[in-house]
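Chemist: So that we are looking at the same thing, I have put the structure below in C-alpha cells.
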Amino acid sequence: MIRIENLHKTYRAADGREVQALADIDLEIAGGEVFGIIGRSGAGKSTLIRTLNLLERPSSGRVLIDGEDITRLDREALYALRRRIGMIFQHFNLLNAKTVAQNIDWPLKATGHGNAVERAARVAELLELVGLAEHGHKYPAQLSGGQKQRVGIARALANRPRLLLCDEATSALDPETTQSILRLLLDINRQLGLTIVLITHEMQVIRTICDRVAVIDGGRIVESGKVADVFLHPQHAVTRSMVAQSDALAAASLDPAHAYMSDKLRGTLVRLTYLGDVTYQPILSRIMAGARVQVTILQGEVSSIKDVPFGQLLLELEGGEEAIRAVFAELDRHRIHHEVLQ
Amino acid sequence: MDLSVIDWSDIWQATWETLVMTGVSLLFTVLLGLPLGILLFVTARRQLLEQRALYVVLSFVVNVLRSVPFLILLIVMIPVTVILIGTSLGVEGAIPPLVVGTAPFFARLVENVLREVDRGVIEACQAMGIRTSRIIFGALLPEALPGLIAAVTVTAITLMSYAAMSGVIGGGGLGDLAIRFGYQRFQTEVMVITVVLLVVLVQFIQYAGDRLVLYFTRK
Numbered sequence: 000m001i002r003i004e005n006l007h008k009t010y011r012a013a014d015g016r017e018v019q020a021l022a023d024i025d026l027e028i029a030g031g032e033v034f035g036i037i038g039r040s041g042a043g044k045s046t047l048i049r050t051l052n053l054l055e056r057p058s059s060g061r062v063l064i065d066g067e068d069i070t071r072l073d074r075e076a077l078y079a080l081r082r083r084i085g086m087i088f089q090h091f092n093l094l095n096a097k098t099v100a101q102n103i104d105w106p107l108k109a110t111g112h113g114n115a116v117e118r119a120a121r122v123a124e125l126l127e128l129v130g131l132a133e134h135g136h137k138y139p140a141q142l143s144g145g146q147k148q149r150v151g152i153a154r155a156l157a158n159r160p161r162l163l164l165c166d167e168a169t170s171a172l173d174p175e176t177t178q179s180i181l182r183l184l185l186d187i188n189r190q191l192g193l194t195i196v197l198i199t200h201e202m203q204v205i206r207t208i209c210d211r212v213a214v215i216d217g218g219r220i221v222e223s224g225k226v227a228d229v230f231l232h233p234q235h236a237v238t239r240s241m242v243a244q245s246d247a248l249a250a251a252s253l254d255p256a257h258a259y260m261s262d263k264l265r266g267t268l269v270r271l272t273y274l275g276d277v278t279y280q281p282i283l284s285r286i287m288a289g290a291r292v293q294v295t296i297l298q299g300e301v302s303s304i305k306d307v308p309f310g311q312l313l314l315e316l317e318g319g320e321e322a323i324r325a326v327f328a329e330l331d332r333h334r335i336h337h338e339v340l341q
Numbered sequence: 000m001d002l003s004v005i006d007w008s009d010i011w012q013a014t015w016e017t018l019v020m021t022g023v024s025l026l027f028t029v030l031l032g033l034p035l036g037i038l039l040f041v042t043a044r045r046q047l048l049e050q051r052a053l054y055v056v057l058s059f060v061v062n063v064l065r066s067v068p069f070l071i072l073l074i075v076m077i078p079v080t081v082i083l084i085g086t087s088l089g090v091e092g093a094i095p096p097l098v099v100g101t102a103p104f105f106a107r108l109v110e111n112v113l114r115e116v117d118r119g120v121i122e123a124c125q126a127m128g129i130r131t132s133r134i135i136f137g138a139l140l141p142e143a144l145p146g147l148i149a150a151v152t153v154t155a156i157t158l159m160s161y162a163a164m165s166g167v168i169g170g171g172g173l174g175d176l177a178i179r180f181g182y183q184r185f186q187t188e189v190m191v192i193t194v195v196l197l198v199v200l201v202q203f204i205q206y207a208g209d210r211l212v213l214y215f216t217r218k
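This is the structure:
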C-alpha cells in the first residue's frame, strides 16, 4: 500500500547549517497491517510519518501510496489524498471552540461531505464506535486525555480513510489509558481493515499492536522486520537498548557479566527464546527430565507480542559438556532458540 | 467645586458624540484591521500562506503608521480627511484619523492573537485536506475568538482616549468639551466631570469585554 523509496530530508537550521533529518529511507508497508516506527526523540520518526501525507515535503525520493507518487500531486490532488488519510496526534489537536460532535463533523463539513442529516448520522456512528455516545455536546476541555484521543480517532475516521497515521498518539497518556487506546486502534484495524502507521518511543506500544516494526536512529532505518523477530532478537545497539527499557529481562541479559557477578556462575548461561504454541507446552520439563543437567532459572518472562505468546528464559545449566550439548539438540528439535551467553 | 455652572445638556451631548466617534471608528478599525491582521499572520514565515515580500511590506507600513504619534497624525490627516468627507471638524472629521491611527495597532494585536492558536490544531486541519481559506475562517478565527474580543476591547479603549485627544483639532465629544471649557475657560468642574465620565466609560467597556471573553472561552 505504501512504498517509500530512497527518501531524504534536509532542513536548513536557524544558524544556516544543513541538518539531515532523514536519509536513505526505504520502506514498504502492506495494506491492513499495523506498522510501527520506533526511535528516540530526534531520531526522525516524526518527520518520516509526516512525509506520508506531505505535512513534511521530502527533499528527494518517492513516496508511493497505492502506486501513486504523492510528491508529484498538484494541490487539488493533495487535498483529495489527505482526505483519504486519517491522522491522530500526541496532543490530540482538537478544536477547543467546537464541541466533541462538531469536532468530528468538522472534516466532513469542511470538505463538503454530505448534507447535515447524513453528517449527523455519521457523527453519531463514530461517537458510538469510540465509546463517547454520551459526550457529543461537551467541549474538549471537559474531557480526559483518553477521551480526547478517542475524539481524535473518531475525527480521523470521519472521511472513511484507508490509512491512519498515529503521531505518538499515546505518549501523553497514562499506561492504563494507553492500553485502552491501543485496543481501540487494534479493533479499528481489524473491523475496518484500516492500515495503521504509528510512531512511538515506547516498545510497549509496538509490542501490543504492531505486526512489523522499523527502528529509526539518526534519520536512518537501522533495523526492521516482524515485531517478534526484532523484539526477541534485536541486532542493532539502538534496538537492544530500546528493548531493554521495556523489559527487565532483556536489560539484565544484555550484559550478564555485569548483572550476575560472573564469578558466582558455575555453569553455562543460556538464553532461551520461543514463540507460539510451544509457550504453553511442558517441553522444558520433558527435556530436562531425561538429561543429566542441573537447571536454574535465573530470570524469565512469559508474555505475548500482539496475539502471539512468547517466552524468554535465562538459565544456568550445570552438567557435562556432552549432556549440555544433548539438551541443545533437544531444544533445536522443538524450535526453541538458544543462545549461550557465557 | 460648583456643579451649578455646568451645562448638563452639553455634557450629555459630548458623551454621546464620544460614544459615536468611538463606536463608528471601532467598526471601521475592525473592518480594516482584522483582514490586515489575518494577512500579517498567514503571510509570516512558516505560516499557512507564507509570502515573504508581502509580509515585509505590510509589516513595514504597519510599523510606520504605528510610530507616528497620534497628535501628529491628527494634524497630518486634516487634508486627507477633508478630501474623504468634506470636513476635518466635528465627530465626522475625527473618525478618519482615529481609524488610520488604530487600525494598524489592532492589526498587530490580531496577528499576535492568531499566533497564540495552537499550531497543532492548524496542522490537524491541513492533514484533513481542508482548504486554507476554510481553515482560516472555520478553525483559526473561531479558535482565536476570545483573544480577538480582548483585542477589540483594548482597541475600543485606546480609541476612546484618542477620540478625546481629537478635541485638540476640534473633533467634538468629551475631549473637545474639556479643552474648550475646562482648559481654555478655566472651568475646572467641566474638566473633572469629563474625566470622571471617561473613567466610567472605560471601566464599562473593559467589563463588557471581559464578560464576553469569558463567555466565549472554552478552555
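Heads up: the sequence lines are chains A and B, in that order. 246 is the number that numbering that gives the first Met the number 0 gives to position 247 of the first sequence; each next residue is one higher, with no gaps. 95 is the number that numbering that gives the first Met the number 0 gives to position 96 of the second sequence; each next residue is one higher, with no gaps. Just so it is clear, CB atoms sit at the ideal spot from N, CA and C, and this is done for glycine as well. On a predicted model such as this, the values are computed, not experimentally measured, just so you know.
1. With DSSP as the reference, label cysteine 124 of chain B as helix, strand or coil.
2. Figure out for me which residue from B:Leu64, B:Thr86, B:Ala138 and B:Leu73 has the closest Cα to the Cα of isoleucine 97 of chain A.
3. For leucine 247 of chain B, report the span of its alpha helix (DSSP H) as first-last.
4. Residues of chain D with CB under 9 Å from asparagine 5 of chain A, in chain order?
5. Using Cβ-Cβ distances below 8 Å, what residues of the segment 89–106 of chain B are close to chain A?
6. Where valine 62 of chain A and isoleucine 1 of chain A are concerned, what is the direct C-alpha to C-alpha distance, given to the nearest angstrom?
7. Methionine 287 of chain A versus chain B: which residues are under 7 Å apart at the beta carbon?
8. Please report the residue range of the beta strand (DSSP E) in which valine 294 of chain A lies.
9. Going residue by residue through the segment 35–91 of chain B, where are the continuous beta strand (DSSP E) segments of at least 3 residues, counting only ones entirely within it?
10. When you compare each of B:Leu2, B:Leu18 and B:Tyr214 to isoleucine 94 of chain B by their alpha carbons, which one comes out closest?
11. Starting from alanine 213 of chain A, follow its DSSP beta bridges and name the residues at the other end.
12. Please state the DSSP three-state secondary structure of histidine 7 of chain A.
13. Three-state secondary structure (DSSP) at proline 139 of chain A?
14. Residues in the same chain with beta-carbon distance under 6 Å from isoleucine 77 of chain B, minus the five sequence neighbours each way, listed in chain order, please.
15. According to the Cβ coordinates, are arginine 270 of chain A and glutamate 338 of chain A closer than 8 Å?
16. Using the rule of at least 16 other Cβ atoms within 10 Å of the residue's Cβ for burial, across every protein chain shown, is glutamine 311 of chain A buried or exposed?
17. Tell me histidine 337 of chain A's beta-bridge partners as DSSP assigns them.
18. Is it the case that the Cβ atoms of valine 112 of chain B and isoleucine 156 of chain B are separated by a distance below 8 Å?
19. If the criterion is Cβ atoms closer than 8 Å, does the pair threonine 194 of chain A and glycine 35 of chain A meet it?
20. For alanine 96 of chain A, which three-state DSSP category applies?
21. Exposed or buried, what is asparagine 52 of chain A when buried is set at 16 or more other beta-carbons lying within 10 Å of its beta-carbon?
22. For chain B, check one thing: does any of its Cβ atoms lie closer than 8 Å to the Cβ of leucine 92 of chain A?
23. Using three-state DSSP, classify valine 99 of chain B as helix, strand or coil.
24. Determine contact between the segment 79–97 of chain A and the segment 145–163 of chain A, defined as no fewer than three beta-carbon pairs at a distance below 8 Å.
25. Which residues bound the alpha helix (DSSP H) around threonine 152 of chain B?
26. With H, G and I counted as helix, E and B as strand and the rest as coil, what does DSSP make of methionine 0 of chain A?
27. Since glutamate 55 of chain A contacts threonine 46 of chain A with CB under 8 Å, what's their CB separation in whole angstroms?
28. In angstroms, rounded to a whole number, what distance separates the CA positions of glutamate 201 of chain A and threonine 267 of chain A?
29. Under 8 Å: do the segment 165–180 of chain B and the segment 105–122 of chain B share three or more Cβ pairs, one atom per stretch?
30. According to DSSP, is alanine 328 of chain A part of a helix, a strand, or is it coil?
31. Could you tell me whether any Cβ in chain B is nearer than 8 Å to the Cβ of alanine 29 of chain A?
32. For a contact defined as C-beta to C-beta under 9 Å, what are the partners of aspartate 117 of chain B on chain A?
33. Looking only at its own chain, which residues have a Cβ that is under 6 Å from the Cβ of valine 187 of chain A, when we skip the five neighbours before and after it?
34. Apply the 10 Å Cβ neighbour rule to leucine 213 of chain B and answer buried if 16 or more other Cβ atoms are within range, or exposed otherwise.
Modeler: So, from the listed chains and residues:
1. Taken through DSSP and simplified to helix, strand or coil, cysteine 124 of chain B comes out as helix.
2. One detail in the question is off: residue 97 of chain A reads as lysine in this sequence, not isoleucine. That would be B:Ala138, whose Cα lies nearest to the Cα of lysine 97 of chain A.
3. With chain B represented from 0 up to 218, any question about residue 247 of chain B goes unanswered, as that position is not in the structure.
4. Protein chains in the displayed structure are A and B, and chain D is not among them.
5. Within the segment 89–106 of chain B, contact with chain A at the beta-carbon level (separation under 8 Å) is assigned to no residue.
6. Take the alpha-carbon of valine 62 of chain A and the one of isoleucine 1 of chain A: they are about 7 Å apart.
7. The premise fails here: methionine 287 of chain A is roughly 56 Å from chain B at the closest Cβ pair, so nothing lies under 7 Å.
8. Following the DSSP letters along the chain, one finds valine 294 of chain A inside the beta strand (DSSP E) bounded by residues 292–304.
9. Fully enclosed beta strand (DSSP E) runs of 3 or longer: not present.
10. Ranked by Cα distance from isoleucine 94 of chain B, the options B:Leu2, B:Leu18 and B:Tyr214 are led by B:Leu18.
11. According to DSSP, alanine 213 of chain A bridges with A:Ile36 and A:Ser223.
12. If DSSP states are grouped into helix, strand and coil, histidine 7 of chain A belongs with the strands.
13. It is helical.
14. Within the same chain, Cβ atoms closer than 6 Å to the Cβ of isoleucine 77 of chain B are found at Ser87, the five residues on either side in sequence being excluded.
15. A contact, by the Cβ cut-off of 8 Å.
16. When all chains shown are included, glutamine 311 of chain A counts as buried.
17. Answer by DSSP bridge pairing, in chain order: A:Leu271.
18. Judged by their CB atoms, valine 112 of chain B and isoleucine 156 of chain B are not nearer to each other than the 8 Å cut-off.
19. No; because the gap between Cβ atoms is not below 8 Å, this pair is not in contact.
20. Looking at alanine 96 of chain A - three-state DSSP - the assignment turns out to be coil, as it is neither helix nor strand.
21. Result: buried.
22. First, the amino acid is wrong: residue 92 of chain A is asparagine here, not leucine. Yes, because at least one Cβ of chain B sits closer than 8 Å to the Cβ of asparagine 92 of chain A.
23. Here DSSP, grouped into helix, strand and coil, assigns valine 99 of chain B to helix.
24. In short, these stretches touch, since the Cβ pair count reaches three.
25. In the DSSP assignment, threonine 152 of chain B falls within the alpha helix (DSSP H) that extends over 140–164.
26. Correct three-state label for methionine 0 of chain A: coil.
27. That belief holds up - the Cβ atoms of glutamate 55 of chain A and threonine 46 of chain A are roughly 5 Å apart, short of 8 Å.
28. Rounded to whole angstroms, glutamate 201 of chain A to threonine 267 of chain A spans 33 Å at the Cα level.
29. The segment 165–180 of chain B is not in contact with the segment 105–122 of chain B.
30. Residue state for alanine 328 of chain A is assigned as helix, using DSSP reduced to three classes.
31. Between alanine 29 of chain A and chain B, the shortest Cβ-Cβ separation is not below 8 Å.
32. Per Cβ cutoff of 9 Å: His90, Asn92 and Asn95.
33. Here residue 187 of chain A turns out to be isoleucine, not valine, going by the sequence shown. Exclusion of the five residues before and after isoleucine 187 of chain A leaves Leu193 as the residues of its chain whose Cβ lies within less than 6 Å of its Cβ.
34. Exposed, by the Cβ-count rule.
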